[in-house]
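Right, one structure below, let's go through it.
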Ligand SMILES: Nc1ncnc2c1ncn2[C@@H]1O[C@H](COP(=O)(O)OP(=O)(O)OP(=O)(O)O)[C@@H](O)[C@H]1O
Ligand SMILES: [Mg+2]
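Protein chains in written order, with my numbering: chain C, 2 to 242; chain F, 20 to 246.
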C-alpha cells in the first residue's frame with residue numbers, strides 16, 4: 002500500500018503539533034510511542050533514531066542547565082546555594098528530550114517522501130510555485146554546498162595549513178579563506194541558474210505541468226480522517242485527566 | 020636540489036560511496052615511487068578521481084590500506100600529506116580562495132614561513148612559467164576557466180612537493196599552455212618529483228611518457244610502460 006504524500010504530511014503535522022503543545026513528560030512519552038508506531042506502519046527506517054544516542058551528553062547538559070533555572074522539586078545535588086539537579090528539572094529535561102525525538106520522528110516521515118512528490122503536493126495545496134521552487138533549490142543545493150565546503154577544507158589543509166595548529170589570530174583568516182570561495186560560488190550558481198532557467202522558459206506560461214502525478218486514494222482519505230479524529234480524541238482525553 | 024623521496028603504496032584497496040551498490044574503486048594494488056610519471060586513464064566514472072582522493076587520505080577505504088612512506092596515510096594530518104603530495108582538483112573553482120592570483124600562489128608558501136625576497140622570487144618564477152604574471156593582481160574567481168586551472172596548478176607547483184597528483188590538468192587549457200605544462204612536468208619529473216596525472220587527453224598522456232594505468236569500473240585493467 003503506497004500512501005499519498007499529503008497523508009504523510011498531515012500525519013507529520015499532527016505529531017509535531019502535539020509535541021509542541023504538550024509539556025508533560027508522560028503525555029509526550031505516549032506521543033512518542035504513537036510516533037514510533039506510525040513510523041513502523043509507514044515503513045520508515047528507525048535506524049536514524051538510534052544515531053541520536055550520540056547526543057546523550059547534550060541531553061545531560063540540557064537537564065543540568067534546566068536545573069539552574071527551575072526552582073521547584075526536591076534538590077538532588079547542590080553546591081552551596083545552587084541547585085545543580087532537582088527532581089522537577091529531571092522531569093522537565095526528559096520532556097524536552099521526548100519532544101525532540103518526536104520532532105525527529107516527524108522529520109523522518111517527511112524525509113521518506115519523494116522530493117518531487119512533496120513539491121507537487123505543495124503545489125496542489127495552492128502554495129505559489131515560486132515558493133515551492135525556492136524550497137526545491139534550497140534542498141537540491143545543500144549536498145552540493147556541503148561537498149564544495151569539504152573540498153575547500155581539504156585543499157586548504159593540503160596546501161599547508163594545519164587547522165589544529167593555527168594560532169587564534171590567524172583563525173579568522175583561514176575562515177575567510179574557506180567562506181569566500183563558497184559565497185562566490187553560490188553567487189555564481191545563482192547567476193548561472195537564473196540565466197539558464199530563463200533560457201529554458203521558466204515562468205513563460207502561468208502554469209506548469211508535472212511529470213509525476215499524485216492522487217489521493219480512498220485509503221488516504223480514511224487514514225487522514227482517522228488520524229485527525231485520533232488527534233482530537235487524544236487532546237480531549239488528556240484535557241480531562 | 021634533491022627532493023625527499025615519497026613512496027605510495029596501495030594494498031587491495033576498495034571504496035564504495037555510501038548509498039552506492041557498486042564500489043567506485045575495487046581491489047586496487049599499486050605502488051608509486053617519486054621520480055616516476057604515471058598516467059591514469061579510463062572512462063568517465065571509472066574511479067580515477069576517487070583513487071586520487073584515497074591516496075591523499077581524503078576518503079578512507081573500507082578495505083585495504085594506503086601507505087605513504089610505509090605509514091598508513093591516516094596517521095598523517097592533511098597538512099603533512101600536503102607537504103609530500105601536491106594535489107590539483109578536477110574543479111579549479113574549489114581550489115581558489117584568495118583575493119589575488121599572486122596571493123593564491125603565495126598562500127601555501129607563506130604558511131610554510133617563506134617571506135621577503137625569497138617568497139617574491141618563488142612566486143614570480145611560477146607565475147612567469149604559465150604567463151600568469153600580467154594577471155597577478157586579478158581576482159582568481161573572475162578569470163577564464165583555463166586561467167583558473169593554470170593558477171591552481173601554479174599554486175601547487177610553487178610548493179615544490181615531492182609528488183604531484185593532477186586531476187584532468189589539461190581540461191580547459193590551450194595548446195600553448197599544454198606544451199608548457201608537458202615541458203614543466205617532464206623537467207620536474209627528471210628532478211625526481213613523482214607525477215600522477217589523471218587524463219583523457221591522449222596526446223597529453225603520450226607526450227608525457229612514462230607508465231600508463233587504465234581503469235575500468237574501479238579496477239585496474241592494464242599497465243603499460245612506454246618511454
Ligand atoms: N561524492 C560521491 N558520492 C557518491 N558517488 C560518487 C561520488 N563521487 C563519485 N561517485 C561515483 O563513483 C564512481 C567513480 O567516480 P569518479 O569521480 O572517481 O570517476 P572518474 O573516473 O574521476 O570520472 P571522470 O572522468 O568523469 O572524472 C562514479 O560511478 C560516481 O558516480
Ligand atoms: Mg574525475
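Yeah, the Cβ is synthetic: ideal placement off N, Cα and C, and Gly gets one too. Values in this document were obtained by computation on a predicted structure and should not be read as measured data.
Put simply, the backbone Cα of residue 115 of chain C is about 8 angstroms away from that of residue 6 of chain C.
Checking the 7 angstroms criterion, the Cβ of residue 68 of chain F is within range of a heavy atom belonging to ligand 2. When the five nearest sequence neighbours on each side are left out, the beta carbons in the same chain lying within less than 8 angstroms of the beta carbon of residue 201 of chain F are those of 223, 226 and 227, in order along the chain. For residue 112 of chain F, the residues of chain C that pass the 9 angstroms Cβ criterion are 149, 182, 185, 186 and 189, in the order they occur in the chain. A residue is called buried once 16 or more other Cβ atoms fall within 10 Å of its Cβ, and residue 136 of chain F, having fewer, is exposed.
Residue pairing for residue 91 of chain F: DSSP places it in a beta bridge opposite F:86. For residue 158 of chain C, the chain F residues whose C-beta falls within less than 9 angstroms of its own C-beta are 96, 97, 98, 100 and 101, listed in chain order.
With a cutoff of 8 angstroms on beta-carbon distance, residue 107 of chain F and residue 186 of chain F are scored as near each other. Counted as a single uninterrupted DSSP element, the stretch harbouring residue 227 of chain C is not any beta strand (DSSP E) but the alpha helix (DSSP H) occupying residues 219-241.
In this structure, residue 109 of chain F has its beta carbon less than 7 angstroms from a heavy atom of ligand 2.
For residue 58 of chain F, the enclosing beta strand (DSSP E) covers residues 56-61. Considering only beta carbons, the part of the stretch 130-156 of chain F lying closer than 9 angstroms to chain C consists of 130 and 131, in chain order.
Any Cβ of chain F closer than 8 angstroms to the Cβ of residue 152 of chain C would place that residue at the interface, and such an atom is present. Taking a 10 Å sphere around the C-beta of residue 209 of chain F, we find fewer than 16 other C-beta atoms and assign the residue as exposed. In this structure the stretch 96-110 of chain F touches the stretch 62-81 of chain F; the number of beta carbon pairs closer than 8 angstroms is three or more. Contact note: residue 38 of chain F does not reach chain C at a C-beta cutoff of 7 angstroms; the least C-beta distance is about 11 angstroms. Residue 116 of chain F belongs to the set of residues whose beta carbon lies under 8 angstroms from a beta carbon in chain C.
By the rule that beta-carbons nearer than 8 angstroms mark a contact, residue 62 of chain F does not touch chain C.
If you draw a straight line from the Cα of residue 83 of chain F to the Cα of residue 30 of chain F, it comes to about 5 angstroms. In this structure, residue 122 of chain C sits away from residue 24 of chain C, with a CB-CB distance that is not shorter than 8 angstroms. Of all residues in the stretch 17-28 of chain C, none comes within less than 7 angstroms of chain F when Cβ atoms are compared. Chain order gives the chain F residues near residue 155 of chain C as 77 and 97, where near means a beta carbon separation below 7 angstroms. About 13 angstroms separates the CB atoms of residue 14 of chain C and residue 32 of chain C; that is not less than 8 angstroms, and the two are not in contact.
In the three-state reduction of the DSSP assignment, residue 222 of chain F falls in the helix class, which pools H, G and I.
DSSP, reduced to helix, strand and coil, places residue 50 of chain F within a strand of the structure shown.
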